[in-house]
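As given, the protein sequences belong to chains A and B, one line each in that order.
Heads up: take any position in the first sequence, counting from 1, add 5, and you land on my numbering.
Heads up: take any position in the second sequence, counting from 1, add 5, and you land on my numbering.
All C-beta atoms, glycine included, are put in the ideal place defined by N, C-alpha and C.
There are 2 protein chains.
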Amino acid sequence: MLWPERPDNWRRRAEPAQQAFAAVATAIARFEPVSIGASARQYARARGALPAAVRVVELSSDDAWMRDVGPSFVVNAAGALRGVHWRFNAWGGLYRDFRRDQAVAHKVLEIAGCERYCAPFINEGGAIHVDGQGTVLVTEQCLLKRNPSLSRGRLEALLERYLGAKRVIWLGEGVIDDETSGHVDNLACFARPGEVCLTWSDDPHDPQQRVSKDAWERLMAARDARGRRLVVHKLPSPGPLYMTRREAAGVVADHAIRRLRAGQRLAGSYVNFYLANGALILPLLDASTDGAARRLLRRVFPRRRIVGVPAREILLGGGDLHCITQQQPKRDARRRRADQ
Amino acid sequence: MLWPERPDNWRRRAEPAQQAFAAVATAIARFEPVSIGASARQYARARGALPAAVRVVELSSDDAWMRDVGPSFVVNAAGALRGVHWRFNAWGGLYRDFRRDQAVAHKVLEIAGCERYCAPFINEGGAIHVDGQGTVLVTEQCLLKRNPSLSRGRLEALLERYLGAKRVIWLGEGVIDDETSGHVDNLACFARPGEVCLTWSDDPHDPQQRVSKDAWERLMAARDARGRRLVVHKLPSPGPLYMTRREAAGVVADHAIRRLRAGQRLAGSYVNFYLANGALILPLLDASTDGAARRLLRRVFPRRRIVGVPAREILLGGGDLHCITQQQPKRDARRRRADQ
């Protein structure tokens, strides 16, 4: 993870977000080791806010989205752990200076002692979801927009080269008003090979319904890398949720990286959970839907502990639990567990 | 190690020192893993200057003396690796703001995943040398000056508590004009239990002779923790060496941390070598004495490769190879090799 600090994205000098990130790190640390990178300036503050079980390392970044700026870990044919370093352009240019974010994956891999594959196209960890058996989920909205000079076929070849993907399932758009321009990790993810969770809205007046229905149709028509049809679990959407006037007022607008407006729709989604060893860390976003999401996920993941963590402060910054984390396999972990 | 950068201590914006540090890291990396900490600003430069075998981590510091600001690793009674974090005051106040240096040991231990003992007195790794069997070498000049409120007996009790030292051998002064005010690691060190290397001058006009003779007498009179007398190997001093006008002119004097004067004596000493696994990395300081030092060390360490590295640029900054390194034992290393 990375420690949030920029006051032009996180309200009230990032203090509420820091509390929320600390709660996430603490929740995950019950199940697996957690490291969090903090800038030199924030190091002591981060160290003081986190339990001893969480490792804090100095690591500067432009913001705190480890999913997108960190490496995507892969295992090569010989069983060795490697990291893919994607080219990064701040989600198409959400802020101008992203040189520190561009270096995060390299620094993480140095600390981990892992060799690096430098991918020659723009991508983020949040723009892909894999089943570990050769299937990858992406969205047209995100991947084609990031790489206007690359064809769909060329992108599929690159995803095969860097992720071992034999089958790319193209969804259309991402969640409504998602600033990442359509990251799949807020829309849909694999629960395990052959099973997908999809964010869903039953409200015909919510534009999210159209987006989710389109994704559902594509998923139902798809075959995965092993030729299977997919089972799709519909996860209720929270809200719709909107940024309040008070929340928007806490963000420093001077060198604003985006307009944080009161009334702006927030791209909340329960699909943005984090899978830890033996657990599912669930973003709590809306008291009226949190329970239904938890119940559904308990059915889909019967062998995992479902641990809810309040996540609105993270959502205000533009993402959620999956976006602020990046899992790192054990060096000798060659095979996934059955109940991934 | 740490990557040097401050222009008010290292001439020509630290570029020659960076080359020298890179050569040291490269030499050590032939024998054991090396990590080097660099500030966010210098990270890319450090990474580019170092071979892939050297791990570069982001780690800010006020200067580059890992021996003094890093943790001193110890093994506790249960065989677990721990780090001692000494209190640090920039060698009695050589520069005013040393908050980053104060945090280095903690950050190193976080990366290493090692628990920390916080020692309640001022000390630096360069102010102690141990034999691994309960004996520690220190100087009165350094330890008493750093801790004016602590008696010799109290300091011995603290060294026992934090290093397991059963016997403290007090030498008097350190090397002439040593800015550390008498670090023992520039004067004398253990070659192995029962054997000490001592920097030596045969020139009766050199004030170093008086200092080395005093140390020699104390060492000859001493018993180590196991009651043994010590064998002392006299290592010839280089020089005397002096800073040239040109060298002094390359240092930014604006916010000078010390007066770097042309003609100033440099505290060069071959005792300031670094012991890597299977090797001794020797500072090359003076063509007229390097050979004699190498020959003597080859006799004292017959089973180690002696690898010389040009070290004048490091000496200009105020220390040498031992000062810029800090060894970190393997986690499961409970016993030293016979030929330590």
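Given that A:G75 touches chain B, what residues does it touch there, using C-beta distances under 7 Å? None at all; the shortest Cβ gap to chain B is about 14 Å.
Quick one: which unbroken beta strand (DSSP E) runs of 3-plus residues sit fully inside the stretch 225–288 of chain A? Chain order, please. 236–241, 279–281
With 7 Å as the limit, tell me which residues of the stretch 60–84 of chain A have their beta carbon closer than that to any beta carbon of chain B; keep them in chain order. R60, V61, V62, E63, L64, S65
Looking only at its chain, what residues have a beta carbon closer than 6 Å to the beta carbon of B:A27, apart from the 5 residues adjacent to it on each side? A54, L55
For B:Y247, the nearest candidate out of B:P12, B:R92, B:D183 (CA to CA): B:D183
Extent of the continuous alpha helix (DSSP H) run through B:V74: 71–74
Once the 5 residues before and after B:A298 are set aside, which same chain residues still bring their CB inside 8 Å of it? L240, P241, P243, Y275, L287
Shortest alpha-carbon distance to A:V89 belongs to which of A:R101, A:V74, A:F103? A:V74
Do B:A22 and B:I319 have their C-beta atoms closer together than 8 Å? yes
Nearest residue (CA-CA) to A:P12, options A:Y279, A:R52, A:L280, A:A253: A:A253
Hey, how far is the Cα of B:L176 from the Cα of B:R303? 26 Å
So with Cβ pairs under 8 Å, would you call A:I116 a contact of chain B? yes
Min CB distance B:R309 to chain A below 8 Å: no
Start and end of the alpha helix (DSSP H) containing A:H111? 104–117
Taking Cβ positions only, does A:K150 come closer than 8 Å to chain B? no
Under 8 Å from the C-beta of A:Y122: neighbouring residues of chain B: Per Cβ cutoff of 8 Å: no residues; A:Y122 is ~14 Å from chain B at best.
B:G42 by DSSP, collapsed to three states: which one? strand
A:V29, DSSP secondary structure in three states: helix
Looking at the unbroken beta strand (DSSP E) that takes in B:L86, where does it start and where does it end? 86–92
Same chain, Cβ closer than 6 Å to A:R341, neighbours up to 5 away in sequence not counted: Interpretation of A:R341 is limited by its pLDDT of 46, a score under 50 that renders its predicted location unreliable; the figure taken from the coordinates is listed afterwards. Within the same chain, A:R341 has close Cβ partners G137.
May I have a chain-ordered list of the alpha helix (DSSP H) segments no shorter than 4 residues that lie completely inside the stretch 184–233 of chain A? 212–226
Using the three-state DSSP reduction, which class does B:Y100 fall into: helix, strand or coil? coil
Starting from A:K335, find everything on chain B with Cβ-Cβ shorter than 8 Å and list it in chain order. The contacting residues do not exist; A:K335 stays about 14 Å from chain B at best.
For A:S293, does the three-state DSSP call read helix, strand or coil? helix
What would DSSP say about A:A298, mapped onto helix, strand or coil? helix
CA nearest to the CA of B:R46, picked from A:R50, A:A95, A:L64, A:L114: A:L64
Against chain B, with Cβ distances strictly below 8 Å, would A:K112 count as a contact? yes
List the DSSP bridge partners of A:T144. A:L176
Verify the CB distance criterion: does A:R11 have a CB-CB separation below 8 Å to chain B? no
Apart from the five residues on each side of it in sequence, which residues of its chain come closer than 6 Å, Cβ to Cβ, to B:T140? R172, D229, A230
Which residue from A:P76, A:A82, A:H238 puts its Cα closest to that of A:V305? A:H238
For B:R341, which of helix, strand or coil comes out of DSSP? Bear in mind that a pLDDT of 46 at B:R341, under 50, signals an unreliable position, so the number given afterwards is only what the model happens to contain. B:R341 falls in the coil class under three-state DSSP.
Per the DSSP calculation, A:V305 is bridged to which residue(s)? Answer by DSSP bridge pairing: none, since A:V305 is not bridged.
Closest by CA to A:R233, which one among A:P334, A:Y100, A:G199? A:G199
Would you list the one or two residues that DSSP bridges to B:L320? Note: B:L320 sits in no beta bridge, so no partner.
Could you name the residues of chain B that A:Y100 contacts, counting a contact when the two beta carbons are closer than 9 Å? Per Cβ cutoff of 9 Å: no residues; A:Y100 is ~17 Å from chain B at best.
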